[in-house]
Amino acid sequence: MIPKNKGQVRKFPLTACLGAVFLAFLLFFGLLAGAGAKELSSQEEAALFSLTDLGPVDLTPKTVAVEIFISPDPEMAPCRRMMALVWTRVQEFYGRLGVNLAQTEGRSEPGPLAPGQRLRVEMLTHKEWLARSFKAFDVAPPFRLRFLQVCRDKCAFAHLPLSVVHVSFKKFQDAELSAKRGDAEQNRHWLANLLIHELGHLLGLYHAHEFVNDPIPKILPDRKTPNFMSHEIAFKSQLGAVDFQKRLIHSYLGKGKVYQQYAQVEFDPLRYLELIKKHNGYREPKAGKKDGMQKKSGQKGNPRTFDDDDDEDDED
Numbered sequence: 131m132i133p134k135n136k137g138q139v140r141k142f143p144l145t146a147c148l149g150a151v152f153l154a155f156l157l158f159f160g161l162l163a164g165a166g167a168k169e170l171s172s173q174e175e176a177a178l179f180s181l182t183d184l185g186p187v188d189l190t191p192k193t194v195a196v197e198i199f200i201s202p203d204p205e206m207a208p209c210r211r212m213m214a215l216v217w218t219r220v221q222e223f224y225g226r227l228g229v230n231l232a233q234t235e236g237r238s239e240p241g242p243l244a245p246g247q248r249l250r251v252e253m254l255t256h257k258e259w260l261a262r263s264f265k266a267f268d269v270a271p272p273f274r275l276r277f278l279q280v281c282r283d284k285c286a287f288a289h290l291p292l293s294v295v296h297v298s299f300k301k302f303q304d305a306e307l308s309a310k311r312g313d314a315e316q317n318r319h320w321l322a323n324l325l326i327h328e329l330g331h332l333l334g335l336y337h338a339h340e341f342v343n344d345p346i347p348k349i350l351p352d353r354k355t356p357n358f359m360s361h362e363i364a365f366k367s368q369l370g371a372v373d374f375q376k377r378l379i380h381s382y383l384g385k386g387k388v389y390q391q392y393a394q395v396e397f398d399p400l401r402y403l404e405l406i407k408k409h410n411g412y413r414e415p416k417a418g419k420k421d422g423m424q425k426k427s428g429q430k431g432n433p434r435t436f437d438d439d440d441d442e443d444d445e446d
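Here this note's numbering is used: the first residue of the sequence shown is 131, the next is one more, and so on.
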């Protein structure tokens with residue numbers, strides 16, 4: 131489901147970004163991003179959205195500024211205690227991919243954010259998370275109950291057009307308790323993995339389960355390490371990536387072909403996924419078998435379903 135605009139709700143089938151994607155972006159940003167996009171011929175579109183050849187990709191280390199904002203509300207004290215160790219783990223993971231996440235302290239109002247350059251992570255109370263999600267998705271009051279139903283098992287959303295990740299720390303804590311497993315160290319792994327996953331969306335990546343015949347596996351070739359863009363990341367001490375994902379990230383950060391693809395669709399992940407599916411011959415998994423999650427890891431309400439996109443009306 132995507133809140134298309136005030137007063138309307140548009141339904142999408144199970145597909146795309148974090149399954150089908152749940153994303154709406156602010157009209158103002160869309161106009162700015164769209165200013166540089168031009169209408170393409172069918173041949174130009176096919177050439178641009180082909181991932182067979184990414185063209186020259188500069189793999190030298192890239193630096194991305196990330197604002198970290200933790201709500202000053204007293205209930206966020208446990209989050210503040212966790213974040214120092216958690217963020218170090220996030221930085222180490224991306225460092226292995228050649229991406230330096232330069233942390234800056236975030237204030238209540240974001241600084242000048244920009245795709246692939248300056249991002250923001252907001253750790254919020256649940257009330258704050260809902261308010262900011264309503265605003266980001268432009269959910270009009272008549273549709274907020276539906277929104278609450280759709281995101282009942284969510285605790286994070288990545289908003290690519292806004293360059294922001296919103297996290298409900300309370301929902302994350304509830305998921306920890308419901309899972310009835312893990313000690314404090316494992317819980318820190320889980321929160322770090324959640325942030326690693328969500329930031330992957332802000333660096334141009336889609337889910338490992340989106341397509342059955344693309345170069346992105348849900349589990350790495352060692353058959354035990356989860357891909358960081360899969361759903362199997364709760365309580366895991368190690369996540370991994372494949373070289374293709376590294377190249378996608380660097381193409382995005384280096385303003386290469388992947389960045390140009392997103393700019394062409396005004397940073398709308400739904401449209402992006404539609405076009406790479408179309409022009410690369412990718413196939414979606416059959417309904418009910420996406421990522422093997424339906425019963426095994428609880429697509430229908432299991433506490434491990436904690437990120438931005440595991441629900442029946444998947445969204446990102």
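The C-beta atom is built at its ideal place from N, Cα and C for all residues, glycine as well. Computed from a predicted model, the values in this text were never measured in an experiment.
Whole-Å CB distance - residue i paired with residue j, under 8 angstroms assumed
i	j	result
V220	L231	7 angstroms
S293	L243	4 angstroms
G236	R248	No, G236 and R248 are not in contact; Cβ-Cβ is about 11 angstroms, not under 8 angstroms.
H256	K284	About 11 angstroms; that fails the 8 angstroms criterion.
V229	L383	7 angstroms
Sub-8 angstroms separation of residue i and residue j beta-carbons
i	j	result
G386	V187	yes
P345	F374	yes
H331	L290	yes
F287	R274	no
L333	G246	yes
T234	E175	no
V297	L260	no
L321	V295	no
V342	P415	yes
E252	F299	no
Q303	F365	no
Q390	Y402	no
Own chain residues within Cβ distance below 7 angstroms of residue i, not counting five before or after
i	result
I363	N323, H327, P356 and L369
I406	F179, L181 and Y412
A371	L227, N357 and F358
Sequence-distant residues of the same chain with beta carbon closer than 8 angstroms to residue i, five excluded per side
i	result
L184	R377, L378, S381, G386, K387 and V388
D318	A small correction: the amino acid at residue 318 is Arg; Asp does not occupy that position in the sequence shown. Counting only Cβ-Cβ distances below 8 angstroms, and skipping sequence neighbours, we find M212, L215, V216 and R219.
D203	T255 and E258
K425	For K425, the predicted structure reports a pLDDT of 32, less than 50, and the residue's modelled location is therefore unreliable. A value from the coordinates is still provided. Answer for K425: no residue qualifies.
Identity of the residues DSSP links to residue i by a beta bridge
i	result
I363	Looking at the DSSP assignment, I363 forms no beta bridge with any residue, so it has no partner.
K192	V229
Proximal residues to residue i (C-beta, below 6 angstroms), its chain only, five neighbours per side dropped
i	result
G164	Low confidence applies to G164: its pLDDT is 41, below 50, so where it sits in the model is not reliable enough to give any reading.
N410	L181
For the structure I just gave you, are there three or more beta carbon pairs, one from the region 166-182 and one from the region 193-211, closer than 8 angstroms? no
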